[in-house]
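Structure, as structure tokens:
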Amino acid sequence: MTTKLSVNVNKIATLRNARGGNVPDLLECVQFLEECGAEGITVHPRPDERHITKKDVYDIAEIISVEFNIEGYPDERYLDIIADIQPAQATLVPDPPHVITSNAGWKLHTENLLHLEKVVHQIKQNSPKTRVSVFIYPEDVTETDLRNLKNTGTDRIELYTGPYAEHYENTEKRIHFLNLYKITALQGKNVGLGINAGHDLNLDNLPDIIRTIPFTEEVSIGQAFIADSLFFGFEETILRYKLALRP
Ligand code: PXP
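Last residue of the sequence shown? That's 1347 in my numbering, and every number before it is there in order.
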């Protein structure tokens, strides 16, 4: 299996919004990323529209030909967007509207599982082809938790890789985190969940994740990808990430 690269374009919208106007043109960027080989495009339309706006999501949906992944906290606004657009994937994150970036996964306790069950049911009813991925951090997650999550109708988990990335330079901690992710990924696979990964992934820390979890279906990468593109351009950056995905 080769892991798909979904490029998170939030930061392109951040740059555009810093000036008002339409430079850089997000839609042109999406088209060019596709031409350069991106296998997916990810957006996180936050309610304050500080980067991706609701209009951006609808505009991208008109032109996209690769998988569209829309992340967000499943409030009414988000669920309406998913029902309208019917993207390839909806990634559910637990964070409140104003955090700088998603910094935690869902805790898989009964209350959240009941909430997720309701939400996943609503998504599947309104948009039957949309795959639902739930963002989780593996600490304290058991196979039973993952089976319960699968039973909500969830298709995949996205492993929150932020803490791994933060401690990547420390060999002991790196090994600790890789083991943690590996165990959860294997348990997830056992109960029939697909495995995605994301957050703070970059060209240095990506190969170890893929070597550890070779059945990772997709990574979504924004911050480091856009930063690397400043040096290498989209075309070469995509090539570099694709090589990192085949270590
Ligand atoms: N996955 C999720 C759920 C996210 O919220 C984000 C940030 O929008 C990412 C992946 C991508 O993180 P980064 O920008 O650090 O690559």
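Here a beta-carbon is modelled for each residue, glycine too, at the ideal position from N, C-alpha and C.
- [ ] Compute the minimum distance between the beta carbon of E1336 and the heavy atoms of the ligand PXP, and state whether it is under 7 Å.
- [x] no
Task: Cut-off 8 Å between Cβ atoms - residues of its own chain near E1317, not counting five sequence neighbours on either side - done: M1101, T1103, K1104, R1256, G1294, I1295 and N1296
TODO: Determine the DSSP secondary structure at V1130, reduced to helix, strand or coil.
DONE: helix
Open item on the list: Taking the straight line between their C-alpha atoms, what separation do you get for I1275 and H1267?
Closed with: 10 Å
Open item on the list: Shorter than 7 Å, the distance from the beta carbon of I1200 to the closest heavy atom of the ligand PXP, or not?
Closed with: no
Open item on the list: Using only CA atoms, which one of I1181, L1214, N1248 and V1234 lies nearest to D1195?
Closed with: V1234
- [ ] Find the nearest neighbour of P1145 within the set V1199, E1134 and A1138, judged by alpha-carbon distance.
- [x] V1199
TODO: For the beta strand (DSSP E) holding R1231, just list the boundary residues, first then last.
DONE: R1231 to I1236
Open item on the list: Considering Cα atoms alone, identify which of H1151, I1310, L1330 and V1143 is closest to T1114.
Closed with: H1151
- [ ] Decide if P1263 is buried, meaning its Cβ has at least 16 other Cβ atoms within 10 Å, or exposed.
- [x] buried
- [ ] Look at the Cβ atom of V1291, then the Cβ atom of L1246, and state whether they are nearer than 8 Å.
- [x] yes
TODO: Just the C-alpha distance for S1165 and P1307, rounded to the nearest angstrom, thanks.
DONE: 27 Å
- [ ] Please find out if some non-hydrogen atom of the ligand PXP comes closer than 7 Å to the beta-carbon of V1232.
- [x] no
Open item on the list: DSSP three-state label for I1257, please.
Closed with: strand
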